[in-house]
Each structure stands twice: as C-alpha cells, then as structure tokens.
Amino acid sequence: MSPAALSRSIWGAEVLKPSSRLFLTSRSFSSRSLATSSGNGLGSIRATCGSNHIYSRSISYSTPFRQEQRSSPSAPAKPTSPAPASTISAPSTSASNSRATKVAAPTPSHPTTDNIQKTGLSDRPLELEVQPEEKVDWTRSFHGLSAAPFPKEVADILLAETDPEEVEIKPDGIVYLPEIKYRRILNRAFGPGGWGLVPRSESIVTPKTVTREYALVCNGRLVSVARGEQDYFSPDGIPTATEGCRSNALVRCCKDLGIASELWDPRWIRKFKAKYTREVFVEHVVTKRKSKIWIRKDDGVSYPWKESK
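For the sequence shown, the residue numbers in this note's numbering are 377 to 685.
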C-alpha cells in the first residue's frame, strides 16, 4: 500500500506495554509517523485498513505525548449500564393508577376505619337493607333535626325549673339529677314510647372505660347525639358499665332539650350548695382515714363514713 493511500485511511492502533494497554484511534497517520525500530520495546502494532492488514514492528511517539501519558495515566473506564426506563417509571405509574381508582370509586356507606382497640363485644348497629322512604336508619341518619320546634305544652315540661329537693350531691361536691328523673320528664313530655335512645356506634372498651355514642329520638325526629362513658374496675363490671354508659349518654342528650339546665349554671350551683348542703369531717370506718365530704343538710352521714367529733 502506498503512503498516500495509507494517510487517507482510518487507522486503529493497539499498543501493548508490560504495565498497561492504550487504545489510540486517529483519522489519519502520515507515513512518516511510522518508523521501524526494533529496540524501543513497544511491542507490536496491528493496523487495519478496510479488509487488508498491515503489520509493523513498532511505532515511535513524540516526546510531548509520552510526557502526557506519564503525567496522567488513564485507567480503563468501567462500562455503566443505564437502568431500563420501564423499571423507573413503573412505581409512579402504578401509584397514579391507584389514586385514580380511589377517586373514581363511589363514597362508601360503611365505616372505613376500625376502632383503635378491639372491643370484643361485637355490638355494631345493624345495617338496614331497606329503602330510605320505607324506614329511617337512625344509626347514621339525621332525619328531623331542627325541622320545627316542639309544641308549647311539650316545651313547658322540658324547660320547667328544676326542683332543688330532687337534686343530689356527691361526696366530692358535684351536684346531679338522678337519671331516672330525666326519664320521667321525657315520659311526661312525649309519653311512654314517644322517645328512645338509638346506638350510633359499637361500644369501645378501654382498660378502664366503656364508651358508646347514642342518639335521642323523640316523636320520630332526631333530637341530639352524645357519647356516653362509664368507668369499670374489673372485667366482670363491663356489662354494668355498658348500661351506665347508656344512662350517661341520655343525660347529655337531655341537655340539648333544656332539661335540668341549671345543673350546668355555676351561679345556681353555688346558691344551691350554700342553701341545701354542708361539708362535714368524716372518718372511714374500715381504713380509719379522715376526710371532708359534702352532704345535703337534710341527710346524715352514711356508711362507710362516720362523722368525726
């Protein structure tokens, strides 16, 4: 092959050294860059031009190129394989599809989250499989709430002033109206059977308390919703605590009807205590511990205390 043809061709040179291997590619080599030298120790060169192979014993490099190679030795680059595009985009695509499915789904008619603690009672209200126009599902309906006021004769009974002779006081000084008297007022206002308590949730039993939500329905109308609660001290007391929870919810619902509203009035409570109650020092019969309790003036100290002298 002539030197002119050799300079127009694309050369690939592979240089083998004892310590490293260099790959060089050039668009054109002049015939003068090739020198036959048997004593330079650079190994062999294989040049490819088209389909013809030319062998030469060595190639001579200029001094600047040698210095550049010595000053900055280059290690062979490690090939990197890019991650497939389908693998990267798969999670985001599935997440977007999941969100779209949740948005398109209809609104559920049942609770979507469970209670924090398992109750063990399994007393969730029944779900009625009837049409709304046939029956009212009081476990979730607010039918009749604030639709119209009750008649005047009913309102007069509900808003009647509380008789101080019917109010009781606890030893710690809390005044209250017995729960049975709330039921009597409701019976006078709406008649027996004209009102009722409806559970709105299942009972939640914690290590010390039972709680459940109830709704008060009067004359076919929802009047109030309240959550009752009752403490217990042993597992054997859970059934009794569930009934106390129901009574507590009734008292709280009656507050919206104005029944015994004076019991939440601080001024009325102070006047009642000053006129109808007193504090006494007592001694516990069993533990002999002395303390001070509240009682009505017309009541005496009862067991397990006795009045201290």
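We treat Cβ as the ideally placed atom computed from N, Cα and C, and that holds for glycine. This structure is a prediction, so every number in the text was calculated from the model and none was measured.
{"query": "With three or more beta-carbon pairs closer than 8 angstroms as the criterion, would you say the stretch 519–528 touches the stretch 593–611?", "result": "yes"}
{"query": "Kindly indicate which residue of Val581, Gly613, Leu573 has the alpha-carbon position closest to the one of Leu626.", "result": "Leu573"}
{"query": "Hey, how far is the Cα of Gly613 from the Cα of Gly570?", "result": "31 angstroms"}
{"query": "Within the same chain, show all residues whose beta-carbon is closer than 7 angstroms to that of Asp674, passing over the 5 residues directly before and after it, in chain order.", "result": "none"}
{"query": "Arg560 bridges to which residues according to DSSP?", "result": "Answer by DSSP bridge pairing: none, since Arg560 is not bridged."}
{"query": "To the nearest whole angstrom, what separates the beta carbons of Ile671 and Arg643, a pair I think is in contact under 8 angstroms?", "result": "Not quite, the Cβ-Cβ distance comes to about 22 angstroms (not below 8 angstroms), so this is no contact."}
{"query": "Going by the DSSP bridge assignment, what does Phe657 pair with across the sheet?", "result": "Lys668"}
{"query": "Using the Cα positions of Ile645 and Val543, report the straight-line distance between them to the nearest angstrom.", "result": "10 angstroms"}
{"query": "In angstroms, rounded to a whole number, what distance separates the CA positions of Glu529 and Ser637?", "result": "18 angstroms"}
{"query": "From the DSSP output, which residues share a beta bridge with Leu592?", "result": "Leu573, Ser600"}
{"query": "Going by C-alpha distance, which of Gly620, Lys685, Lys631 is nearest Leu562?", "result": "Lys631"}
{"query": "Does the stretch 580–593 come within contact of the stretch 605–623, defined as at least 3 CB pairs closer than 8 angstroms?", "result": "yes"}
{"query": "Since I believe Val658 is in contact with Trp681 (beta carbons under 8 angstroms), could you give me their beta-carbon distance rounded to a whole number of angstroms?", "result": "4 angstroms"}
{"query": "Under the assumption that Val656 contacts Ile635 (Cβ atoms under 8 angstroms), give the Cβ distance between them as a whole number of angstroms.", "result": "Not really, about 31 angstroms apart at Cβ, beyond 8 angstroms."}
{"query": "Kindly indicate which three-state DSSP category Val530 falls into: helix, strand or coil?", "result": "helix"}
{"query": "Ordered along the chain, which non-local residues of its own chain (more than five positions away) have a Cβ less than 6 angstroms from that of Ser687?", "result": "The question about residue 687 has no answer, for the chain in this structure spans 377 to 685."}
{"query": "Taking the alpha-carbon of Ala565 as reference, which of Gly604, Asp532, Tyr652, Asp513 has the nearest alpha-carbon?", "result": "Asp532"}
{"query": "Within this structure, are the beta carbons of Arg576 and Thr515 separated by less than 7 angstroms?", "result": "yes"}
{"query": "How far does the alpha helix (DSSP H) with Glu578 in it reach, from first residue to last?", "result": "Element bounds for Glu578: n/a, residue is neither H nor E."}
{"query": "To which residues does DSSP link Lys682 through a beta bridge?", "result": "Glu659"}
{"query": "Apart from the five residues just before and just after Ala650, which ones in its own chain have a Cβ nearer than 6 angstroms to its Cβ?", "result": "none"}
{"query": "Does the distance from the CB of Pro652 to the CB of Pro547 come in under 7 angstroms?", "result": "Checking the displayed sequence, the identity of residue 652 turns out to be Tyr instead of Pro. Not closer than 7 angstroms, so no."}
{"query": "Give the DSSP bridge partners of Ile645, in chain order.", "result": "DSSP output for Ile645 lists no bridge partner at all."}
{"query": "Who are Thr587's beta bridge partners in DSSP?", "result": "Ile580, Glu605"}
{"query": "Determine which residues share a DSSP beta bridge with Glu694 and list them.", "result": "Given that the chain is displayed from residue 377 to residue 685, the structure contains no residue 694 and the question cannot be resolved."}
{"query": "Any chance the CB of Pro615 is under 6 angstroms from a heavy atom of the ligand SAH?", "result": "Judged by which ligands are present, the structure shown has none, so any question about the ligand SAH falls away."}
{"query": "Relative to the alpha-carbon of Glu578, which residue among Val661, Ile545, Gly604 has its alpha-carbon at the smallest distance?", "result": "Gly604"}
{"query": "I need the boundaries of the alpha helix (DSSP H) containing Ala617, first residue and last residue.", "result": "614–633"}
{"query": "Please tell me whether Ala337 and Tyr608 are closer than 7 angstroms, where the distance is taken between their beta carbons.", "result": "With the chain represented from 377 up to 685, any question about residue 337 goes unanswered, as that position is not in the structure."}
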